[in-house]
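Accompanying notes for the structure given below.
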Amino acid sequence: MFKYIFKRILFMIPVLLAITIIVFSLSEFASGDAARTMAERKYSHPTKAQIEEVRHEYGLDRPLHKKYEAWLSKVLRGDFGNSYLTGRPAIQELTGCFSETLKLTGVSFFLLVIITIPLGIFSAVKRGTILDKIIGLFSFVSVSMPSFWIGLILLYVLGVKLNLISVIGGEGIGVILAAAFTMDIGYFGVITELVRTNLSNVLAQDYVRAMKSRGISNIKIVMKHGLKNIFIPILTQFSFILINLFCGSAIIESVFSIRGIGELALVSVQCHDMPVLQCFILCLAIFVVMVNLIVDIIYSCVDKRIRLS
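Whatever position you read off the sequence shown (first residue = 1), add 17 for the numbering used here.
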């Protein structure tokens with residue numbers, strides 16, 4: 018077990034190194050002049066000489082490989098440079114907004130689990146009934162509606178009409194719940210149908226019919242045998258969705274005025290704030306790699322054959 022985990026951690030090192038190269042390259046070849054941006058912040062209306070002075074001061078005129086080496090050595094120490102927009106360390110800009118995004122992601126994921134898994138189970142157990150058709154309709158509608166549109170409707174109804182949440186503040190549990198529901202809306206149908214399909218296939222097996230003939234209750238069959246057999250595909254889908262919820266929160270945060278890292282990234286893109294963007298992308302990459310590592314470890318615990326692959 019520990020050997021497998023060690024191998025997975027070793028595999029992460031070249032992956033993260035490749036990500037640093039990609040992030041640095043994208044920032045180098047992105048549109049806009051970082052030296053001009055910093056000079057405008059320093060001098061308001063900088064001359065060409067002042068721009069070149071700033072370029073030399075921050076080492077932006079050095080060869081590409083030298084700039085990457087200097088940048089990587091700082092990143093390994095947790096120094097991503099200072100924000101072009103505020104002058105504060107980029108890591109502080111990100112960590113100041115991290116808790117809001119983490120809270121939103123956690124609530125979204127929790128709602129997704131407690132809503133979709135029971136619906137999928139009921140739909141599989143009651144397959145062909147009116148309840149199954151209602152759940153199927155809900156799944157179809159949920160994947161057909163754009164999340165930002167649902168967010169705007171919730172903001173108008175709950176904020177403007179009912180005055181239950183703040184329209185511009187982005188604070189309070191009501192805003193978080195509304196934003197979390199909005200982020201989940203496109204995934205409700207995906208997970209519900211996945212649980213329904215996989216569980217229905219399990220319940221149609223001969224050994225399940227044999228257990229039913231021996232008088233074993235449906236609840237025990239579903240909880241002890243059904244969910245165990247569909248755990249790996251469900252976990253796989255949930256890991257993808259968790260990554261999407263955390264990494265793709267920018268639009269929803271913007272709609273509900275939540276000061277999270279997604280909303281910070283949008284502002285950084287508009288202002289060409291490269292240190293913050295680099296920090297943002299690397300943090301997301303680390304999050305994705307860590308989620309995949311944890312999922313791989315859980316796989317190996319559930320199915321020992323995975324460790325031998």
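No residue lacks a Cβ here, since even glycine has one placed at the ideal position from N, Cα and C.
Keep in mind the model is a prediction, meaning the values are calculated, not measured.
Under 8 Å, do residue i and residue j count as touching if we go by C-beta distance?
i, j, result
"I258", "Y316", "no"
"G145", "T209", "no"
"I238", "K229", "yes"
"L3", "P250", "Lying outside 18 to 326, the shown extent of the chain, residue 3 is not represented and no answer is given."
"C300", "L171", "no"
"A87", "G98", "no"
"I152", "S161", "no"
"S263", "F304", "Residue 263 is actually Phe in this sequence, not Ser. Result yes, Cβ atoms of F263 and F304 sit closer than 8 Å."
"S256", "V306", "no"
"M240", "S44", "no"
"M29", "L310", "yes"
"D223", "R25", "no"
"A52", "I36", "no"
Thinking residue i and residue j are a contact (beta carbons under 8 Å), I'd like their distance in whole angstroms, please.
i, j, result
"I278", "T118", "5 Å"
"I269", "A196", "5 Å"
"L175", "G191", "7 Å"
"G206", "F157", "6 Å"
"V272", "F165", "6 Å"
"K83", "V71", "The Cβ separation is near 18 Å, so there is no contact."
Determine the closest residue to residue i out of the options, with distance taken between C-alpha atoms.
i, options, result
"Y85", "S159, C318, I39", "I39"
"S125", "S90, D96, T133, F198", "F198"
"S266", "F28, D201, N99, N246", "D201"
"S335", "F41, F23, E45, C114", "The requested residue 335 is not part of the displayed model; the chain covers only 18 to 326."
"S90", "L34, K65, H242, V207", "L34"
"L194", "Q295, K83, L121", "L121"
"Q109", "V319, V293, C318", "V293"
"I247", "R226, I233, N218", "N218"
"K143", "R213, R105, G95", "R213"
Use the C-beta contact count for residue i: other C-beta atoms within 10 angstroms, 16 or more gives buried, fewer gives exposed.
i, result
"Q287", "exposed"
"P163", "exposed"
"A56", "buried"
"L216", "buried"
"S100", "buried"
"D78", "exposed"
"G243", "buried"
"S159", "buried"
"V319", "exposed"
"I147", "exposed"
Terminal residues of the continuous alpha helix (DSSP H) containing residue i?
i, result
"H82", "81-93"
"T209", "190-220"
"N261", "248-264"
"F155", "147-161"
"M228", "223-230"
"Y21", "19-46"
"H73", "65-74"
"K237", "235-238"
"I185", "Looking at the DSSP string, I185 is not in any alpha helix (DSSP H), and its letter there is neither H nor E."
"C288", "No alpha helix (DSSP H) holds C288; DSSP gives it neither H nor E."
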